[in-house]
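Chains as they are written, first to last, in UniProt numbering: chain A, 1 to 326; chain B, 1 to 326.
Number of protein chains: 2
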Amino acid sequence: MNIFKQSDIQKVVKVNRETISGIEDAFTSLANGNAVMPPVMRIDIEEYNGEVDIKTAYLKGYDLFCIKISSGFFDNPKLGLPSGNGMMLLICAKTGVPAAILMDHGYLTDVRTAAAGAVSAKYLAPTDVHTVGIIGSGNQAGYQLYALQQVRDFKKVLVYGRTNERVEKWVRNMKKTVHADIDIAESPKDVVHRSQVVVTATPSKEPLLQQEWLHPGLHITAMGSDAEHKQELDPGILTHADVLVCDHKEQCFRLGELHHGLEAGVITQEDDMIELGDLTSGVRKGRTEDGQITVCDLTGTGAQDTAIANFAYHELRSRNMGMKLD
Amino acid sequence: MNIFKQSDIQKVVKVNRETISGIEDAFTSLANGNAVMPPVMRIDIEEYNGEVDIKTAYLKGYDLFCIKISSGFFDNPKLGLPSGNGMMLLICAKTGVPAAILMDHGYLTDVRTAAAGAVSAKYLAPTDVHTVGIIGSGNQAGYQLYALQQVRDFKKVLVYGRTNERVEKWVRNMKKTVHADIDIAESPKDVVHRSQVVVTATPSKEPLLQQEWLHPGLHITAMGSDAEHKQELDPGILTHADVLVCDHKEQCFRLGELHHGLEAGVITQEDDMIELGDLTSGVRKGRTEDGQITVCDLTGTGAQDTAIANFAYHELRSRNMGMKLD
C-alpha cells in the first residue's frame, strides 16, 4: 500500500482540461449504468458541531475505487484548525486489497468539484460569456473560476460575499492567476443581473438567488448544497429553467436544490430530469438556444472521487512519489 | 497521523476479559442512545464476486470514532490471496482530524465479533455449560471459542463443518489453545442435540439449524448473517425462543436473522425485541431460568468497531508502536 501526501498530490493534479475530461468520463459512466454508487453515508456529531460524509463509487473499467472521508467541524477555527478535512482510500476493484491512501486534506474534492462546474458550463453556458458571477469567496469559489477558464473565455468576474474583508482578500488572490477584471458586487441580485454565468459556492442554508432575477441567456451552477439543510436557490428557479440538469438525480432529490424543490412541491421525482452524464454521453442536449435559462444542481458524487483518485494515483506512481507501507 | 500494522495490533489486542468488557460498554452506549450509527454502507462488485462494507459509529465519551472498511472478494483464493480484507480509520471526534490507520486486515473485527459472542453467552447461556457446539470451521469459529472460554467453563466442544479436511485442521489448531475435549460432529443436528450453547459462524445462505432440534436450556448465538442474503437459522427458531436478543434491532431487521423472520412473516418490526445493550446496561434481563431457550442474532455493529479501535489505539500509543505520518 502506498501513502501520498497533499504536497505531492497538488504537484501532479491540477484543475485543467485533463482532469475536467476525466470527470466527464465519470459522469458518462454514472449515466450509462457502469457505476455502483451507494447513497452518501453521514455521521453528525452535534456536540462538536461536526459532520462527516463518506462517499464511494465503483466505476467499471477503473482499476481502483475510492472511499472518501470528508469532514466539516465548524468550531475548528476557534482551535486554530481548518474546518474541513478529507482523505481518500483507494481499493483494488478486483481483490478488495487497499492500494493507497491519498492524504489530500480535501484538495482532490476541490478539484473534482470545480471540474464538475466546468462540465456544467461546457454544456449549458452560452457560447459567448462576457461576465462570470461568483457567489461566495471561499476556496471552492476560486477553484470554480479556474475551472470555468478552461471552457469559456470571459472578460469580467463579479463576486459577492457576505464579509467584505474576506471578499477583498479573495479578489487579491484571484487577480494573480485569473486573466479577467474582477469586481466586487453589491448584492447577489447585482451579480445575477450583470452575468451570463453564475456559480453559487456557499454553505448557505437559505436561498441566495431569487426567481425574479432570472434573465434570458443565464446559466446557473449551484454547487453549495450537498446536505439536506443547505440551499442556495429559490425553488421557483428550478421550474423557470428551460433546461434543468443535476449531477445525480437520486442524490440531488435527497441532498441538493432538487430536494428543496420537492419539499416546496414545485417538482416531483417523476419529472424528466437530465443528469450531467446524459450530456457528456451525448444522449441528451444541454443548451440549444442562446436565450435559454439553464440551471445545474451539483451535490458532488462518489463517481467523481473515484475518477480523480485514479488519475492522481497513476500520476503519482509514474513519478515514484509516495511512501510504500507493508 | 499514526499508522499501525497488523503484527503490532495483534500483540496488544487479544480476546480477553478487557476487550469483552469494552464491547459490553459499546452495546450499553448503543442502547442508551449515546451513539450515532448510520446504516451500513455496502458496495457490491458483482463482476469480481466482491463486496465491501463500511461501518461507523460515534460513541459519546470516546476520543475517536472509527470508520471501518471490510471486504470479501470470493475469487481471491484462486489468485493466492485471502478473501477478506479490512482496515480501520480513527478520526478525532472533536475536530474530524484523522488520527490513525489500523492496518489490521480484519483482526480487530475478529476480536470484536468474538467478544460480542461472549457478551451474548454471558447474559444468555445457562450457568452450567458442559458442551459448546460450533457450526463452522473458519477463523471466526475459533475466535468465538476463545471468547466463550472467558465467560463459561465447559468441558467439551463439538464442531461441524462441511469440509472434513478443514474441520480436522481446525480441531488440531484449537487443541493447542483450548482446554476442552474437541470432537467432530456428524451433522448440525447432532451438534444442537448434544450442546447447551451453539454458535453458528458460517457464511451460509440457507438455514443450518432447524426449529425441531431446539431443546430446553439451549442458547444459540447466530453470528454469520451480516447481509441480506445470508441466513443460518430456520425463522421458526426466532418464535420458539423464550428470550430473543439481537445486537442492533434496525440493522438485524435489515441484515440479520431477524430480516428472514420478517420475510417469513413470523415476527414484525413492532415485536418487543431485546438488544444486547439492554442486557449490558441492566435495563432488561437475559436468561432467568435454566430451562429457557435463548437466541441471539449478531450482525456486527460500528459501535463495536469504535470501541475496539479506541482500545487498540491507546494500547499501541502507550507502547510507542506505529509510525507517524505528516
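The beta-carbon is built from N, C-alpha and C at its ideal position, and this holds for glycine as well.
When the cut-off is 7 Å and only beta carbons count, does A/I45 lie next to chain B?
yes
Which of helix, strand or coil does DSSP assign to A/K94?
coil
For the region 19 to 26 of chain A and the region 5 to 15 of chain B, state whether three or more C-beta atom pairs, one from each stretch, are separated by less than 8 Å.
Put simply, the region 19 to 26 of chain A does not touch the region 5 to 15 of chain B. Fewer than three CB pairs are less than 8 Å apart.
Taking the alpha-carbon of B/M88 as reference, which of B/E47, B/A99, B/L276 and B/P82 has the nearest alpha-carbon?
B/A99
Can you give the Cα-Cα distance for A/G322 and A/S70, rounded to whole angstroms?
21 Å
Tell me whether A/K55 sits in a helix, a strand or coil according to DSSP, three-state version.
strand
At least one CB of chain B closer than 7 Å to the CB of A/T301: is that the case?
False, the Cβ-Cβ gap to chain B never drops below 7 Å.
Mind pulling the chain A residues with CB within less than 9 Å of B/F73?
C92, K94, T95, G96 and V97
Contacts of A/N76 in chain B (Cβ-Cβ under 8 Å):
T95 and G96
Using CA coordinates, which residue listed in A/G33, A/S21, A/M37 and A/N76 is at the minimum distance from A/E47?
Here the closest residue by C-alpha is A/N76.
Between B/N320 and B/D8, what straight-line distance do the alpha-carbon atoms span, to the nearest angstrom?
11 Å
So the candidates are B/D247, B/F311 and B/G256; which of them puts its Cα closest to the Cα of B/K280?
It is Thr, not Lys, that sits at residue 280 of chain B in the sequence shown. Comparing Cα-Cα distances from B/T280 to each of B/D247, B/F311 and B/G256, the minimum goes to B/D247.
Starting from the beta carbon of residue 403 of chain A, find every residue of chain B whose beta carbon is closer than 7 Å, and list them in chain order.
Summary: the structure shown does not reach residue 403 of chain A, with chain A confined to residues 1 through 326, and so no result is reported for it.
Taking the straight line between their C-alpha atoms, what separation do you get for B/M223 and B/Q251?
13 Å
At a Cβ threshold of 7 Å, is B/G286 touching chain A?
Proximity of B/G286 to chain A, defined by a Cβ-Cβ separation below 7 Å, is not satisfied.
Give every residue of the same chain whose Cβ lies closer than 6 Å to the Cβ of B/H219, excluding the five residues on either side of it in the sequence, and list them in chain order.
L124, A125, V197 and T294
Cβ contact (3+ pairs, closer than 8 Å) linking the region 129 to 141 of chain A and the region 191 to 208 of chain A:
Contact between the region 129 to 141 of chain A and the region 191 to 208 of chain A is present, because at least three Cβ pairs lie under 8 Å.
Assuming B/V40 contacts B/L255 (C-beta within less than 8 Å), just tell me the rounded distance between them.
Confirmed, about 7 Å.
Between B/L81, B/M1 and B/G302, which has its C-alpha nearest B/G96's C-alpha?
B/M1
Sequence ranges, beta strand (DSSP E) only - wholly within the region 173 to 216 of chain A, length at least 3:
181 to 184 and 197 to 200
Between which two residues does the alpha helix (DSSP H) harbouring A/S225 extend?
Per DSSP, A/S225 lies in no alpha helix (DSSP H) segment and is marked neither H nor E.
Straight-line Cα distance separating B/L79 from A/D183
Taking the straight line from one Cα to the other gives about 60 Å.
Hey, quick one: how far does the beta strand (DSSP E) through B/K68 stretch, first residue to last?
Looking at the DSSP string, the run of the beta strand (DSSP E) that includes B/K68 is L64 to F73.
With distances taken between CB atoms, is the gap from A/A93 to B/I45 smaller than 7 Å?
yes
Would you say B/M41 faces chain A, with C-beta separation under 7 Å as the test?
yes
If we count the other Cβ atoms within 10 Å of its Cβ and call it buried at 16 or more, is B/T163 buried or exposed?
exposed
Restricting to Cα atoms, I'd like to know which of B/V243, B/Q292 and B/G265 is closest to B/L276.
B/V243
Look at the alpha carbon of residue 327 of chain B and the alpha carbon of A/G86, and state the distance between them as a whole number of angstroms.
Any question about residue 327 of chain B goes unanswered here, given that chain B covers just 1 to 326.
Return the CA-CA distance between B/T200 and B/W170, expressed in angstroms with no decimal places.
C-alpha separation (whole angstroms): 15 Å.
Tell me whether the region 258 to 276 of chain A and the region 220 to 240 of chain A touch, counting them as touching only if at least three CB pairs, one residue from each stretch, are closer than 8 Å.
Verdict: yes, contact present.
For B/A116, three-class secondary structure by DSSP:
helix
Could you tell me the alpha carbon to alpha carbon distance between B/L316 and B/F4, rounded to whole angstroms?
8 Å
A/A147 beta carbon less than 7 Å from that of A/A115
Between A/A115 and A/A147, the CB-CB gap stays under 7 Å.
Use the C-beta contact count for B/T113: other C-beta atoms within 10 angstroms, 16 or more gives buried, fewer gives exposed.
buried
Out of A/F311, A/K324 and A/I43, state which residue places its alpha-carbon closest to the alpha-carbon of A/T109.
Checked all of A/F311, A/K324 and A/I43; the closest Cα to A/T109 is A/F311.
Assuming A/E206 and A/Q231 form a contact by the criterion Cβ under 8 Å, report the distance between their Cβ atoms to the nearest whole angstrom.
6 Å
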